[in-house]
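**Student:** Numbering of the sequence shown is given in our numbering, commencing with residue 339 and proceeding in unit increments.
Glycine included, each C-beta is placed from N, C-alpha and C at the ideal position.
Just so it is clear, the structure is predicted and the values come from calculations on it, not from any experiment.
Sharing a structure, written as structure tokens. Questions coming.
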Amino acid sequence: MKMNNINMHSFLWFTTRLCMVQAFVTTPRPSSLWSTTTATTTSTTTSPLMGWTTYATGVIQTRRTPSSHCFMTSSKIDVEEEEGTELWRMGRLSKTVATPSQVESLVVYLQTVFGSSDTDALKKLTTPVKVQTTPQGLRLLFVPNEPSYRDNNNNNKKEDDDWGANANANANANPPKETKKKKKKQGGVEFQVESSPQLTVIVRRCNMDDDTMIREMSEETILSQLQNSIQVWKKEQNSR
């Protein structure tokens, strides 16, 4: 009689567990997991032993491809910490092959909007920039903050004063050998306007080396201001 009670308890425990597993497996999944989009994919894996199904969802970041119904396309490229890395581009800014006058108009416009660190487009940057114009656009080179310059100048002045005092105390003392340190590149962003096959603006990193710190916040601010500026230029072109 005691053995029968044990077997009955075991049977009830096993039956309860089996019902819980079946309820979990047969519960409908949200339809969003199965939606077919360009950004979301769903995969299923079934265990041959237990009969359970595992659901996995992932997001794929892809570059947007031009569409026949799209007048303008843009994309943000995966970020890599190296010279010449393409950060962003906006293409199809012209309905046909870009003319030299269109290229010149956009280059001059961008050089005007971003031509100085005091312009509205660059005032929000946390890192100051030095602007260099190029035939196809411009380069925004990051520079150290002003306090860093002041601190370095004060330190250099103190070192010069100390060395001068020691030199006067000992006329035979040899001055220390000057060692030139390689100037560290601070990074930057380059705008380049191209005309093949249609008017396109490409943004790349520049002024980089192995020790350059990536200023992602400043890059994002610059890209945001650039997008707004291009939209304004487009409206001006369409209104003519």
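How is Thr472 classed by DSSP in three states: helix, strand or coil?
**Tutor:** The sequence position of residue 472 within the sequence shown is 134, counting from 1. Residue state, collapsed to three classes: strand.
**Student:** Please name the residue in Ser562, Val570, Thr550, Ser432 whose C-alpha comes closest to that of Glu421.
**Tutor:** Position 83 of the sequence shown, counting from 1, holds the residue named residue 421. Of the listed residues, the one whose Cα sits closest to Glu421 is Thr550.
**Student:** Using only the alpha-carbon positions, how far apart do Thr559 and Val435 sit?
**Tutor:** The residue you call residue 559 lines up with position 221 of the sequence shown. The residue you call residue 435 lines up with position 97 of the sequence shown. Spanning the two alpha carbons is a distance of roughly 30 Å.
**Student:** Does Met555 come out as helix, strand or coil in the three-state DSSP assignment?
**Tutor:** Locating residue 555 in the sequence shown gives position 217, counting from the first residue. If DSSP states are grouped into helix, strand and coil, Met555 belongs with the helices.
**Student:** Using CA coordinates, which residue listed in Ser455, Lys572, Ser432 is at the minimum distance from Met532?
**Tutor:** Taking the sequence shown and counting its residues from 1, one reaches residue 532 at position 194. In the sequence as displayed, the identity of residue 532 is Glu instead of Met. Comparing Cα-Cα distances from Glu532 to each of Ser455, Lys572, Ser432, the minimum goes to Ser432.
**Student:** Can you give me the C-alpha to C-alpha distance between Leu425 and Lys523, rounded to a whole angstrom?
**Tutor:** As a working note, residue 425 is residue 87 in the sequence shown. As a working note, residue 523 is residue 185 in the sequence shown. Using only the alpha carbons, I get a separation of about 18 Å.
**Student:** By a C-beta neighbour count over all protein chains shown, 10 Å radius and 16 as the cutoff for buried, is Met428 buried or exposed?
**Tutor:** As a first step, residue 428 must be located in the sequence shown, where it is residue number 90. That one is buried.
**Student:** Who pairs with Phe480 in a beta bridge, going by DSSP?
**Tutor:** Position 142 of the sequence shown, counted from the start, is the residue given in the question as residue 480. According to DSSP, which records beta bridges pairwise, Phe480 is partnered with Val467.
**Student:** Could you check if Val569 is buried or exposed, using at least 16 other CB atoms within 10 Å of its CB as the buried criterion?
**Tutor:** To locate residue 569, count along the sequence shown from 1; it is residue 231. In the sequence as presented, Val is not what sits at residue 569; that position holds Gln. That one is exposed.
**Student:** Mark Val446 as exposed unless 16 or more other C-beta atoms lie within 10 angstroms of its C-beta, in which case mark it buried.
**Tutor:** Numbered from its first residue, the sequence shown carries residue 446 at position 108. Its Cβ having fewer than 16 others within 10 Å, Val446 is exposed.
**Student:** So Lys460 is in the beta strand (DSSP E); what residue range does that whole segment cover?
**Tutor:** By one-based count along the sequence shown, residue 460 stands at place 122. The amino acid occupying residue 460 in the given sequence is Leu; Lys does not appear at that position. That residue, Leu460, is in no beta strand (DSSP E); it is neither H nor E in DSSP.
**Student:** According to DSSP, simplified to helix, strand and coil, what is Glu442?
**Tutor:** What you label residue 442 is simply residue 104 of the sequence shown in a count that begins at 1. Looking at Glu442 - three-state DSSP - the assignment turns out to be helix.
**Student:** Any idea which residues DSSP pairs Gln530 with across the strands?
**Tutor:** Translated into positions along the sequence shown, residue 530 becomes position 192. Gln530 pairs with Gly475, Ile540.
**Student:** Any beta-carbon of chain B closer than 9 Å to the one on Glu424?
**Tutor:** Among the chains of the structure shown, chain B does not appear; only one protein chain is present.
**Student:** Is it true that the CB of Thr423 sits closer than 9 Å to the CB of Arg553?
**Tutor:** Taking the sequence shown and counting its residues from 1, one reaches residue 553 at position 215. Taking the sequence shown and counting its residues from 1, one reaches residue 423 at position 85. For Arg553 and Thr423, no; Cβs fall outside 9 Å.
**Student:** In whole angstroms, give me the CA-to-CA distance for Gln536 and Thr437.
**Tutor:** Counted from its first residue, the sequence shown places residue 536 at position 198. Counted from its first residue, the sequence shown places residue 437 at position 99. Going from the Cα of Gln536 to the Cα of Thr437 covers about 9 Å.
**Student:** By how many angstroms is the C-alpha of Ser577 removed from the C-alpha of Arg543?
**Tutor:** Residue 543 sits at position 205 when you count from the first residue of the sequence shown. Residue 577 sits at position 239 when you count from the first residue of the sequence shown. The alpha-carbon atoms of Arg543 and Ser577 are separated by roughly 33 Å.
**Student:** If you reduce the DSSP assignment to three classes, tell me which class Lys573 lands in.
**Tutor:** Residue numbering aside, residue 573 sits at position 235 when the sequence shown is read from its first letter. Residue state, collapsed to three classes: helix.
**Student:** Taking DSSP as the reference, what is the three-state secondary structure of Ile435?
**Tutor:** The sequence position of residue 435 within the sequence shown is 97, counting from 1. Note on residue identity: the sequence assigns Val, not Ile, to residue 435. Val435: coil per DSSP, three-state reduction.
**Student:** Roughly how many whole angstroms lie between the Cα atoms of Val527 and Gln575?
**Tutor:** To locate residue 527, count along the sequence shown from 1; it is residue 189. To locate residue 575, count along the sequence shown from 1; it is residue 237. Computed Cα separation, rounded: 26 Å.
**Student:** Does DSSP put Ser567 in a helix, a strand or coil?
**Tutor:** Stepping through the sequence shown from its first residue, residue 567 is reached at position 229. If DSSP states are grouped into helix, strand and coil, Ser567 belongs with the helices.
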